[in-house]
Amino acid sequence: MAAILPPAMLGIIGGGQLGRMFTVAAKTMGYRVTVLEPDPLSPAAEFADVHLCAPYGDEAALKALGETCAAVTTEFENVDANAMRALSALTRVSPSGDCVAVAQDRISEKAWIGKAGLPTAPYLALEGADALAGMSDDALSAYLPGILKTARLGYDGKGQVRVKTPAEAREAYGQLGVACVLEKMLELKLEVSAIVTRVSDAQSAVFPLAENRHEGGILDVSIVPARVAPALAERAQAMALALADALDYVGVLAVEFFVLADDALVVNEIAPRPHNSGHYTLTACVTDQFQQQVRAMCGLLPGKTTLLTPVVMVNLLGDVWQDDGGEPDWSVLMEAPNAQLHLYGKREARKGRKMGHFNVMADSADAALEQAEALKGTL
């Protein structure tokens, strides 16, 4: 793969916070950036050289993106995979449309995880209105209590229903009315994630494992390094790399895991892009995940992923904004010399909407977590 060097134009589909941080990274590295995003006030467009303000599937905009950019990536998995495939005839696309298609459908995703020889929670793939009609309650109970998840378009806890009985599962599936995965709930010790950068079999890197806590299905806190045995962390990193290799993936891939009571690792889901749990890399690693996204799409060797300091990342949701939209009091956070605030430039704060995050660096993960929780409590 020939290297793409500055000042080449790079393209990204999607102009939210991940697109914004990609754009900042690319511009800092000397590249120019085109963003395809229908929102005229998108966070990424504020920094981009060119903003194609059009729907993601707009043929003229996609053609312009393909003809003017040396490489194109995406900030989210729900982009049209066929559009990504079509773009590959015009320019380099990373990740490929085929990989995006796998990641945006939970049924395909779990099948690929199994094909890579990696474990998932026991699950049922449900497609068609009568998918449960021929299954007895006893057979269905093997996957209960469980979580019924829509196969497509679910994220941050959306499109998910917890079910305890066969009757609840049948009712919930009927109400959702789309293809779903019924996933058995497991007793978890904690959740972790590993973020891989892969250019080829010989060129890949994995960031240190993050320990993740969620509230209401949305990531709340990431603690790095994860407070697990070194052997477990290495095993998770190796599993994430194995999955990237199985997909012949090029780009940044996030792999989320469940850690069970016996320290067994189960793959939860993947994301074909930089990930919320990787925002700690912006302040605590030699190379951050957005620089890696640029490097991978440009065919460059992944940067070093060395952790420079223990760190905790805290998500800032619209819930901490005032009811009238007024800004939180940032004074205590801004005066902490070992904390860094990252706001995403979104114009409207809504409950559950990711508006920013902050990172706290300290001598240990526990010390960083204690301070991060105290700082969050002041907002």
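Here this note's numbering runs 85 ahead of the position in the sequence shown, where the first position is 1.
Ideal Cβ positions, reconstructed from N, Cα and C, are used throughout, including at glycine.
A quick note: this is a predicted structure, and the numbers were derived from the prediction, not measured.
Three-state secondary structure assigned by DSSP to residue i
i, result
"M208", "Looking at the sequence shown, residue 208 is not Met but Tyr. In the structure shown, Y208 sits in a strand (DSSP, three-state: E or B)."
"G388", "coil"
"E354", "strand"
"I89", "coil"
"T476", "No answer is possible for residue 476: the residues shown for the chain start at 86 and end at 464."
"Q425", "strand"
"C154", "coil"
"K148", "helix"
"R105", "helix"
"L345", "strand"
"Q260", "helix"
"N167", "helix"
"Q245", "strand"
"K195", "helix"
Element boundaries [beta strand (DSSP E), containing residue i]
i, result
"K269", "C265 to K269"
"G231", "G231 to T235"
"Q288", "Q288 to V291"
"I97", "M94 to I98"
"V309", "I303 to V309"
"A279", "L273 to S285"
"G55", "Nothing in the structure corresponds to residue 55, since the chain is present only between 86 and 464."
"A295", "A295 to E300"
"R117", "R117 to L121"
Option nearest residue i by Cα separation, candidates the options
i, options, result
"D134", "D124, T119, A145 and E144", "T119"
"P387", "M419, M270, H364 and V335", "V335"
"L273", "R298, Q245 and L267", "R298"
"A218", "V248, G259 and V246", "G259"
"T235", "A252, L267, A216 and Y228", "L267"
"A329", "V281, R191 and K461", "V281"
"W406", "I98, A424 and R438", "R438"
"Q322", "E296, F292 and L345", "F292"
"L95", "L428, L304 and F375", "F375"
Whole-number beta carbon distance between residue j and residue i, since they are thought to touch under 8 Å
i, j, result
"V396", "T368", "7 Å"
"C154", "L211", "Contact doesn't hold; Cβ gap of about 39 Å is too wide."
"F161", "R358", "7 Å"
"L350", "S289", "Incorrect: roughly 19 Å between the Cβ atoms, too far for contact."
Cα-Cα separation between residue i and residue j, rounded to whole angstroms
i, j, result
"V445", "A452", "9 Å"
"S226", "D286", "41 Å"
"E256", "G262", "10 Å"
"D190", "G441", "27 Å"
"H364", "A88", "26 Å"
"K195", "V277", "18 Å"
"D408", "V246", "29 Å"
"A201", "P180", "18 Å"
"L460", "F443", "10 Å"
"A421", "L294", "25 Å"
Endpoints, the alpha helix (DSSP H) within which residue i is located
i, result
"F375", "Q374 to M382"
"D451", "A450 to G462"
"V417", "S416 to M419"
Distance cut-off 6 Å: residue i Cβ against heavy atoms of the ligand SAM
i, result
"L454", "For the ligand SAM, the structure offers nothing, since it holds no ligand at all."
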